[in-house]
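Below is one structure, written out as structure tokens; comments come after it.
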Amino acid sequence: MTAAQNSPAFIVRPVTASDEKEVAGVITAAFNQPSEARLVYNLRHCGALLVELVAQGEDGRLLGHVAFSRVTGAGAGHRLQISCLAPVSVLPELQKLGIGSALINAGLDELRSQGEDLVLVLGPPAYYPRFGFDAELAKKVQAPYAGAAFMALALTDAGREHLPVEVSFATPFQEFE
């Protein structure tokens with residue numbers, strides 16, 4: 317799967333146990349700090365990750381990573397299957413070549429196939445709407461986050477109709493803040 321003309325050829329695949337160290341390196345390089353890599357490690361090891369994918373180059377090197385974790389709902393939308401996209405990471409020298417977009421789209425496809433209703437993200441308002449994320453929809457989600465950077469994407473009709481919902485994120489997110 318190649319996302320852009322200048323992008324290296326890569327495939328998107330699920331993370332394996334042998335990827336863990338290299339994934340941490342990709343995340344640390346992308347964010348220029350280890351905090352997000354520790355978050356993913358903690359989410360993985362507490363069982364909160366639903367989908368974890370990597371972009372692997374033709375040479376076998378990992379180029380990017382995305383993680384989606386379980387979010388718990390309460391209130392009117394307590395039966396919704398809710399997840400959170402965080403983080404998406406691409407090696408700095410390969411950013412803006414479509415690798416992150418390919419990872420996000422593949423992750424959203426996998427979440428749809430698993431029956432997820434709603435996906436939340438906290439990130440740049442100029443980036444995530446291209447995938448369908450909407451700050452207006454997120455206003456119906458009571459969470460520790462708010463504002464234009466907090467967005468939601470309904471993957472099913474229930475994800476749009478069974479709101480409002482109060483959510484809590486996996487424990488590693490609380491420790492991350």
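So the sequence shown is numbered by the numbering used here: it starts at 317 and just counts up by one. A virtual CB, placed ideally from N, CA and C, is assigned to each residue, including glycine.
Paired residues, beta bridge with residue i - DSSP
i: ALA468; result: LEU436 and ASP450
i: ARG329; result: VAL370
i: ARG395; result: ARG395 pairs with nothing; no bridge assigned.
i: LEU401; result: PHE384 and VAL437
i: GLU482; result: ALA390 and GLN458
i: LEU365; result: SER385
i: VAL406; result: GLY380
Residue j beta carbon less than 7 Å from that of residue i
i: ALA468; j: ALA486; result: no
i: SER385; j: ILE343; result: no
i: GLY380; j: LEU438; result: no
i: ALA470; j: LEU427; result: no
i: ALA464; j: ALA474; result: no
i: LEU369; j: VAL328; result: yes
i: GLU338; j: PRO403; result: no
i: VAL483; j: VAL387; result: yes
i: GLU374; j: SER399; result: no
Other residues of its chain near residue i: CB distance less than 6 Å, five sequence neighbours each side excluded
i: PHE466; result: LEU438 and ALA454
i: THR318; result: Note on THR318: pLDDT 43, under 50, position unreliable in the model; no value is reported.
i: PHE447; result: ILE420
i: THR472; result: ASP433
i: ALA390; result: GLU482
Cβ-Cβ separation, residue j to residue i (assumed contact under 8 Å), whole Å
i: LEU359; j: PRO488; result: 5 Å
i: LEU366; j: GLN430; result: 7 Å
i: LEU401; j: GLY423; result: 7 Å
Sequence-distant residues of the same chain with beta carbon closer than 7 Å to residue i, five excluded per side
i: PHE449; result: VAL437, MET467, ALA468 and LEU469
i: ALA346; result: SER405, VAL406, LEU407 and PRO408
8 Å Cβ shell around residue i - same chain, five flanking residues per side excluded
i: ALA371; result: PHE326, ILE327, VAL328, LEU378, LEU379, GLY380, HIS381, VAL406, ILE415, ALA418 and LEU419
i: TYR357; result: GLU336 and ALA340
- At least three beta-carbon pairs within less than 8 Å, the region 442 to 449 to the region 473 to 480: no
- Okay, do the region 407 to 422 and the region 367 to 381 touch, 3+ Cβ pairs below 8 Å being the bar? Segments in contact, yes.
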